[in-house]
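Just below is one structure, and these are the notes that go with it.
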Amino acid sequence: MTAPLRLGTRGSTLALAQSQQTADALTAATGRPVELVRIVTSGDRSSAPVAQLGVGVFVSALRDALLAGEIDFAVHSYKDLPTGEHAGLHIAAVPPREDPRDVLIAQGGRTLAELPPGSVIGTGAVRRIAQLHALGLELQVTPIRGNIDSRIARVHGPEADLDAVVLARAGVVRIGRVAEIAETLDPMLMLPAPAQGALAVECRADDTDLVELLAAIDHAPSRAAITAERAMLATLEAGCSAPVAAHAELAEGEEGDEIYLRGAVISPDGVRAIRLSRTGTPADAAEIGKALAADLLDNGADTLIGSTE
């Protein structure tokens, strides 16, 4: 019998769900058994806002375990990863991306437009807070932390203290609570975070057999979209806590597939926003992202990113 591959994961309901889905997909594609190994990260131990914790707080412990040989590979929420490459590690697969849009979960099943003025909405992302303010709906937005279940409990639980929360649709779907979604938000209103809804499957770069094995669950269109979005983020030199949004879509063009990348940088108060787009081929995904970032910077995006510090 071949020994099971050790898949490192955080212990949250969401992390376990997406890691198990990845394990099942790999076993189905290759026949290799996989066992989950829970790793506690510094982000899990802290109750501080994500913006204060810094980029990579949920992945460093997993990467340490990888480099120490305690696990064979790890699954990350791609948007949690720092944009720079990690020496010795390799993103061997990007599985098919879940719907990257944000959703509203609200008391009474209300949509965003149906929430009365003064309604209190919770979210942990500076990007979402900025875009909610930009809508001009006279809503109160409050920063929150916690896992998906605890956030939903603040709307639907016995001790609910919020009128609504905004969450990533991908996470809500992965933990099986899609029925509680009141509205999936149009990206024209709420542009997602770069790489939202995508997973990164990471292993040691010198483990060539595993790199080859994990390629069986790589989804090229998802990888191309993520590459474009992350290249934009990296060129802006903005982390996951900055008010930066991006969404790349692949569509069939006259000469084959094309990437359509939209990007935005919004001031935290929602008063100022720069929204631009670029198109190109999947093979040029990184260059499309870099070019869009340059366009955003030419239009003053650096002053909006810097205003969050």
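In terms of the working numbering, the sequence shown opens at residue 797 and continues consecutively.
Built from N, CA and C at the ideal position, the CB exists for glycine as well.
Could you tell me whether the Cβ atoms of K1086 and A991 are closer together than 7 Å? As a working mapping, residue 1086 is identified with position 290 in the sequence shown. As a working mapping, residue 991 is identified with position 195 in the sequence shown. No, these two residues do not count as a Cβ contact at 7 Å.
Reducing DSSP to helix, strand and coil, say where L858 ends up. Locating residue 858 in the sequence shown gives position 62, where the first residue counts as 1. Three-state result, L858: helix.
Which of helix, strand or coil DSSP assigns to I887: Taking the first residue of the sequence shown as position 1, residue 887 is located at position 91. In the structure shown, I887 sits in a strand (DSSP, three-state: E or B).
Quick check: I887 and L858, are their CB atoms within less than 7 Å of each other? On the sequence shown, position 91 is the one that residue 887 refers to. On the sequence shown, position 62 is the one that residue 858 refers to. Taking 7 Å as the Cβ cut-off, I887 and L858 do not qualify as a contacting pair.
Quick check on D945: buried or exposed, where buried means 16 or more other Cβ atoms within 10 Å of its Cβ? Stepping through the sequence shown from its first residue, residue 945 is reached at position 149. Exposed, because fewer than 16 other Cβ atoms sit within 10 Å of the Cβ of D945.
If the criterion is Cβ atoms closer than 7 Å, does the pair A926 and I1070 meet it? For this step, residue 926 is matched to residue 130 along the sequence shown. For this step, residue 1070 is matched to residue 274 along the sequence shown. No; because the gap between Cβ atoms is not below 7 Å, this pair is not in contact.
C-beta contact flag for L801 and R970 at 7 Å: Position 5 of the sequence shown, counting from 1, holds the residue named residue 801. Position 174 of the sequence shown, counting from 1, holds the residue named residue 970. No, they are not a contact pair.
Could you check what DSSP says for H1043 in three-state terms: helix, strand or coil? Residue 1043 sits at position 247 when you count from the first residue of the sequence shown. Strand.
In chain order, each alpha helix (DSSP H) run of at least 4 residues that lies wholly inside the stretch 952-1011: 965-970 and 1004-1010
Presumed contact (8 Å Cβ cut-off) between G807 and A861, rounded CB distance: Translated into positions along the sequence shown, residue 807 becomes position 11. Translated into positions along the sequence shown, residue 861 becomes position 65. Not really, about 13 Å apart at Cβ, beyond 8 Å.
Name the one or two DSSP bridge partners that D1053 has. Taking the first residue of the sequence shown as 1, we reach residue 1053 at position 257. E1048.
Considering only DSSP beta bridges, list what R1058 is partnered with. In the sequence shown, residue 1058 corresponds to position 262, counting from 1. DSSP, once it has assigned bridges, lists H1043 and S1073 as partnering R1058.
Can you tell me whether E894 is helix, strand or coil according to DSSP? For the purposes of this step, residue 894 is identified with residue 98 of the sequence shown, where counting begins at 1. In the structure shown, E894 sits in coil (DSSP, three-state: anything other than H, G, I, E or B).
Whole-angstrom C-beta distance between I940 and R924, which should lie under 8 Å: Against the sequence shown, residue 924 aligns to sequence position 128. Against the sequence shown, residue 940 aligns to sequence position 144. Their Cβ separation, rounded to whole angstroms, is 11 Å, which puts R924 and I940 out of contact at 8 Å.
For E831, three-class secondary structure by DSSP: Numbered from 1 along the sequence shown, position 35 holds the residue referred to as residue 831. Three-state DSSP puts E831 in a strand.
For I867, which residues in the same chain have their Cβ closer than 8 Å to its Cβ, ignoring the five residues on either side in sequence? Translated into positions along the sequence shown, residue 867 becomes position 71. So the list reads R802, L803, G804, V833, I835, L858 and A861, once near-sequence residues are dropped.
Simplified DSSP assignment, three categories, for Q814: In the sequence shown, the residue the question calls residue 814 occupies position 18. It is helical.
By DSSP's criteria, H1015 is part of a beta bridge. Which residues make up the other side? As a working mapping, residue 1015 is identified with position 219 in the sequence shown. Paired residues: none, contrary to the question.
DSSP beta-bridge partners of Q936: Locating residue 936 in the sequence shown gives position 140, counting from the first residue. Answer by DSSP bridge pairing, in chain order: V916.
CA nearest to the CA of G918, picked from T1023, S873, I1084 and T938: On the sequence shown, position 122 is the one that residue 918 refers to. That would be T938, whose Cα lies nearest to the Cα of G918.
Give every residue of the same chain whose Cβ lies closer than 8 Å to the Cβ of D895, excluding the five residues on either side of it in the sequence, and list them in chain order. In the sequence shown, residue 895 corresponds to position 99, counting from 1. So the list reads R965, A966, V969, T980 and G993, once near-sequence residues are dropped.
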